[in-house]
């Protein structure tokens, strides 16, 4: 129930009629953006545009006003620097302090940042703003040293509310006292303790008393894809800013792929403004100049994920989310030129650390260390009717590939290859025991698959891993005694001269294998895995290479195939991304087998095109000549002085 108005201290007879009417006026109700226009004044120090607040960036209006929506409980702003996000949150704080005061906490990453926040930003907010409710606040939060000493325990107590300024590294401060409004500034920079819960979780628990009346307001520049602000953004309705083209009126999102410079312009030309940067409309393809950006933002709208916007700027769909999340990046900011964004983007190629700086500092996005990945959704859906051991009628050859593990264990796959360079998984399995290599050889020699007309086809080439460091002698003997069928392979992350390079292994000193030249094929595993990832994610198009995985394979096989991703590793000396096992992935043998099977098909002439039987015949002819040469050398050695002496 509302308290009764008390006029006992007023001389009502001395008041004029307008003054008496003013006593009965309802309290002022302003949205945060309206409050900022009326009362907020920016200081001259540290601000690009000091003085009364102006909506220079119209995209901030809804971000501020979301805090006043009665059904909204969370607002998350994932931003790049120089976009006004932090000042917008300070406007919301000022609005909350004067319009609807309730216990409030403002959490920052470090203790020093909390002190600076109270003594500078809050002091400037209450001293410069013209709202009458800030009278008592001005007395408590002055900029002079004496007033600063009044702020004890990182809080400001006022008659109607308390503002707690909390350092994220203080679990006790985070876990005590109930609050209605919680502001989290630079969330991704919060320290994480090993014994305590994350500071965000501790702080959010303090709002549970207010249930549906609470407000959690997050603003932060992201860091990596596992960072808190990105995860919070994904939990929300994921709003993006759509702006209309000044030529055709079509609403669209500004992306880095939409920004262009004149053909032939260098990075320095773009950075120095010699080559102007412009935007191309994705609908009418007309050129949009940077000077038109502010006018586009004036009519821009925020669109939640799953909603659509028409040509009149009306958003269609469910927009009543209790958690609004916004993404702002530098291309929308009136304080960041497009030339700076594009030049920084072009300059970061091949430098993982620079890429992260640009992703966070300009795109307002987390740095995705994963450059390429293979997941279940990437596997071609067109193979739903294809089952294990179903032989395509267009099959030209069948290849096998094996990965060696301790035990010994030989993990293998068999794949059919068509002239269009499509690979179909026929079968897979694991061989165990001391005779595992003999089993693999027998399988490659005897296994056949039947066509519909009754004819059959066997294995043309069977690859096996040589550089596993296990059972090297057994693998080399297998390759030496079965050169026409067995292909020894050795993987390297980078290989000069192409994806496959032929050489010879060096078996000297291994049980009578001196002077044998056993063919060994070095593989650029990075290049071939790149190709495998593309083939797994390709559509069923005869013009593209595709790997077809049957739908009746086991979950274990799928886990092997999806066990690795290509990442930008800061530990690597090279700036190029490399393939590594995902965290928690136990096995990857079948993924390696697919890589070796692709290498076998490429050796047979299947490399982004039709098979080339001539190259196979010529290679086998060279191998036969080498074997004949080796045989003559042995016969001569037996008849020599050294041979008789031995």
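Numbering (my numbering), first residue to last: 9 to 654.
Built from N, CA and C at the ideal position, the CB exists for glycine as well.
Predicted model, so just to flag it, every value in this text is computed and none were measured.
Query raised in the report: Out of curiosity, what's the CA-to-CA distance linking residue 535 and residue 400?
Result: 27 Å
Query raised in the report: Out of curiosity, what's the CA-to-CA distance linking residue 396 and residue 512?
Result: 35 Å
Report task. Have a look at 73, 285 and 252 and flag the residue whose alpha-carbon is nearest the alpha-carbon of residue 309. Result -> 252
Query raised in the report: Cα-Cα, which of 430, 438 and 398 is closest to residue 421?
Result: 438
Requested in this report: Assign residue 302 to buried or exposed, taking buried as 16 or more other Cβ atoms, counted over all protein chains shown, within 10 Å of its Cβ.
Outcome: exposed
Query raised in the report: So is residue 102 buried or exposed if we call it buried at 16+ other beta carbons inside 10 Å?
Result: buried
**Report entry** Opposing strand residues paired with residue 192 [DSSP bridges]
**Finding:** 115 and 226
Report task. Provide the residue span of the alpha helix (DSSP H) that contains residue 512, from first to last. Result -> Premise fails: residue 512 lies in the beta strand (DSSP E), 508-513, not in any alpha helix (DSSP H).
Report task. Express the C-alpha separation of residue 274 and residue 156 in angstroms, rounding to a whole number. Result -> Because residue 156 sits at a pLDDT of 46, beneath the cut-off of 50, its placement in the model cannot be relied upon, and the following sentence gives the value as read from the coordinates. Straight-line Cα distance between these residues: approximately 52 Å.
**Report entry** According to DSSP, residues forming a beta bridge with residue 437
**Finding:** 420
Query raised in the report: With contact counted as at least three CB pairs below 8 Å, one residue from each stretch, are the segment 258-271 and the segment 408-426 in contact?
Result: no
Query raised in the report: So, are the CB atoms of residue 529 and residue 249 less than 8 Å apart?
Result: no
Query raised in the report: In three-state terms, what does DSSP make of residue 560?
Result: coil
**Report entry** Residue burial classification, residue 424 (beta-carbon count within 10 angstroms, cutoff 16)
**Finding:** buried
Query raised in the report: Just reading off the beta strand (DSSP E) that residue 448 is part of, what are its end residues?
Result: Where residue 448 is concerned, there is no enclosing beta strand (DSSP E), although the alpha helix (DSSP H) it sits in stretches over 444-454.
Query raised in the report: For residue 332, which residues does DSSP report across the bridge?
Result: 83
Report task. Spell out the partners DSSP gives residue 408 in its beta bridges. Result -> 422 and 470
Requested in this report: Can you check DSSP and say which residues form a bridge with residue 572?
Outcome: 589
Query raised in the report: Expressed to the nearest angstrom, what Euclidean distance is found between the alpha-carbon atoms of residue 347 and residue 65?
Result: 19 Å
**Report entry** Residue span of the alpha helix (DSSP H) that contains residue 169, given as start and end
**Finding:** First-last for residue 169: undefined, no H or E at that position.
Requested in this report: Give the single residue among 403, 493 and 174 whose Cα lies nearest to the Cα of residue 460.
Outcome: 403
Query raised in the report: So who's on the other strand from residue 4, going by DSSP bridges?
Result: Limits of the chain in this structure are 9 at one end and 654 at the other, which puts residue 4 out of reach.
Query raised in the report: In whole angstroms, what separates the C-alpha of residue 389 from that of residue 601?
Result: Any answer about residue 389 is weak, because its pLDDT of 44 lies below 50 and its placement is not dependable; what the coordinates show is given next. Going by the C-alpha atoms only, they are around 21 Å apart.
Query raised in the report: Whole-angstrom Cβ separation of residue 660 and residue 77, contact assumed at under 8 Å?
Result: Any question about residue 660 goes unanswered here, given that the chain covers just 9 to 654.
Query raised in the report: Thinking C-beta only, is residue 211 closer than 8 Å to residue 192?
Result: yes
Query raised in the report: Sorted by chain position, which residues of the same chain lie with C-beta nearer than 7 Å to residue 143's C-beta, five sequence neighbours on each side aside?
Result: none
Query raised in the report: Would residue 311 be called buried (16 or more neighbouring beta carbons within 10 Å of its own) or exposed?
Result: buried
**Report entry** Start-to-end residues for the alpha helix (DSSP H) that takes in residue 351
**Finding:** 346-355
Requested in this report: Kindly indicate which residue of 574, 507 and 558 has the alpha-carbon position closest to the one of residue 604.
Outcome: 507
Query raised in the report: Any idea what DSSP makes of residue 430, helix, strand or coil?
Result: strand
Query raised in the report: Out of 428, 327, 326 and 353, which has the shortest C-alpha to C-alpha gap to residue 339?
Result: 353
**Report entry** Pairwise C-alpha distance: residue 232 and residue 375
**Finding:** 5 Å
Query raised in the report: Hey, out of 215, 501 and 485, whose CA is closest to residue 494's CA?
Result: 485
Query raised in the report: How would you call residue 456, buried or exposed, if buried means at least 16 neighbouring beta carbons within 10 angstroms?
Result: exposed
Report task. Could you tell me whether the segment 182-190 touches the segment 103-122, using the rule of 3 or more Cβ pairs below 8 Å? Result -> yes
Query raised in the report: What separation, rounded to the nearest whole angstrom, lies between the Cα atoms of residue 525 and residue 490?
Result: 13 Å
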